[in-house]
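S.K.:
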Amino acid sequence: MTSTPTEKRPFHPAELGTLAVMAWSGEHPDEQGDVAFLLAYPLGDGPGGAEGSSAAVRALLENTGLPVGGPVVDATTRPSFPVSLLVEAGQAVVNMPHLNAQCLVPPEWLAAVRDRGHAYFLFATRPWPQGAPGVQMSQETLSAFAGDLDMLAGAAHCLLPARSLRS
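Every number in my numbering is 25 more than the matching position in the sequence shown, counting from 1.
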């Protein structure tokens, strides 16, 4: 049986392996002032290795309505979008069908998201084992991955409105 473009591929959370989320703020070529960025990525340690983790992320994104390599989805104009961002107590929590992921965010990230009301969310399909949680990372290492054109072309891009428990 072959799948058609309208069929959803099955998604099994265990196939992802470890999923990490990282937050930083900085300039964006199309924006003035700092932008709050969130990057989600698999480590590639799922049962199917890097290829299996990548395929699982692709299935998750496609089933959620986040196009891989497609245009930036502006969820700030889509209140019922199935991906959301909660910012509370110095943490960012991304909620989407089948998973929730959270990370601590630096004060400058909080200021950028407060000023703009949203974060630029990237979900990479390419595994990044060097980005394991708890591992110290230089700005150059982060920039090399987050700015890699192949990684960006194979990622989903989304503007997520920041919500809090008080709003």
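Glycine is no exception: its CB is placed at the ideal position from the N, C-alpha and C atoms.
1. Tell me whether the beta-carbon of residue 150 lies closer than 8 Å to the beta-carbon of residue 98.
2. Identify, in the order they occur along the chain, each residue of the same chain with its Cβ nearer than 6 Å to the Cβ of residue 31, setting aside the five sequence neighbours on each side.
3. Determine whether the beta carbon atoms of residue 48 and residue 62 lie at a separation below 8 Å.
4. Do you know whose CA, among 100, 65, 156 and 131, lies nearest residue 179's CA?
5. Drop a sphere of 10 angstroms on the beta-carbon of residue 105, count the other beta-carbons inside from all chains shown, and report buried for 16 or more, exposed for fewer.
6. Using the Cα positions of residue 153 and residue 107, report the straight-line distance between them to the nearest angstrom.
7. Residue 156 and residue 170: beta carbons closer than 8 Å?
8. Could you say which of 148, 173 and 158 lies nearest to residue 91 if we only look at CA atoms?
9. Please name the residue in 129, 160, 96 and 190 whose C-alpha comes closest to that of residue 3.
10. Given residue 109, which residues of its chain have a CB within under 6 Å of its CB, disregarding the five upstream and five downstream residues?
11. Select from 165, 86 and 141 the residue whose C-alpha is nearest the C-alpha of residue 57.
12. Please report the straight-line C-alpha distance between residue 100 and residue 130, rounded to a whole angstrom.
13. Alpha helix (DSSP H) containing residue 176: first to last residue?
14. Taking DSSP as the reference, what is the three-state secondary structure of residue 139?
15. Counting only the same chain and skipping the five closest in sequence on each side, list residues whose C-beta sits under 7 Å from that of residue 176.
16. Note down the Cα distance separating residue 174 from residue 86, rounded to an integer number of angstroms.
17. Can you give me the start and stop residues for the beta strand (DSSP E) that residue 82 sits inside?
M.R.: Judging by the given coordinates:
1. Walking along the sequence shown from the start, residue 150 turns up at place 125. Walking along the sequence shown from the start, residue 98 turns up at place 73. Not closer than 8 Å, so no.
2. Residue numbering aside, residue 31 sits at position 6 when the sequence shown is read from its first letter. Note that residue 31 scores 49 on pLDDT, short of 50, meaning its location in the model is unreliable; the coordinates nonetheless yield the value given after this. Answer for residue 31: no residue qualifies.
3. Walking along the sequence shown from the start, residue 48 turns up at place 23. Walking along the sequence shown from the start, residue 62 turns up at place 37. Contact flag set, yes.
4. Counting from 1 along the sequence shown, the entry for residue 179 is found at position 154. The shortest Cα separation from residue 179 among 100, 65, 156 and 131 belongs to 65.
5. Residue numbering aside, residue 105 sits at position 80 when the sequence shown is read from its first letter. Counting Cβ neighbours within 10 Å, residue 105 comes out exposed, since fewer than 16 surround it.
6. Translated into positions along the sequence shown, residue 153 becomes position 128. Translated into positions along the sequence shown, residue 107 becomes position 82. Going by the C-alpha atoms only, they are around 25 Å apart.
7. Numbered from 1 along the sequence shown, position 131 holds the residue referred to as residue 156. Numbered from 1 along the sequence shown, position 145 holds the residue referred to as residue 170. One thing to note: residue 156 has its Cβ within 8 Å of the Cβ of residue 170.
8. By 1-based counting over the sequence shown, the position of residue 91 is 66. Comparing alpha carbon positions, the residue from 148, 173 and 158 closest to residue 91 is 148.
9. The first residue shown for the chain is 26 and the last is 192, placing residue 3 beyond what the model contains.
10. If you number the sequence shown from 1, residue 109 lands on position 84. Here the set comprises 120.
11. For the purposes of this step, residue 57 is identified with residue 32 of the sequence shown, where counting begins at 1. Taking only the C-alpha atoms, the option nearest residue 57 is 141.
12. The residue labelled residue 100 in the question sits at position 75 within the sequence shown. The residue labelled residue 130 in the question sits at position 105 within the sequence shown. Answer to the nearest angstrom: the Cα atoms are 21 Å apart.
13. As a working note, residue 176 is residue 151 in the sequence shown. Taken as a continuous stretch (DSSP letters only), the alpha helix (DSSP H) holding residue 176 covers 174-178.
14. As a first step, residue 139 must be located in the sequence shown, where it is residue number 114. For residue 139, the three-state secondary structure derived from DSSP is helix.
15. Along the sequence shown, one-based indexing puts residue 176 at 151. Scanning its chain for C-beta atoms nearer than 7 Å, with the 5 sequence neighbours on each side dropped, one finds around residue 176 the residues 149, 151 and 170, in chain order.
16. The residue you call residue 174 lines up with position 149 of the sequence shown. The residue you call residue 86 lines up with position 61 of the sequence shown. Taking the straight line joining both Cα atoms gives about 19 Å.
17. Within the sequence shown, the letter at position 57 stands for residue 82. Per DSSP, residue 82 belongs to no beta strand (DSSP E); it is in the alpha helix (DSSP H), 74-89.
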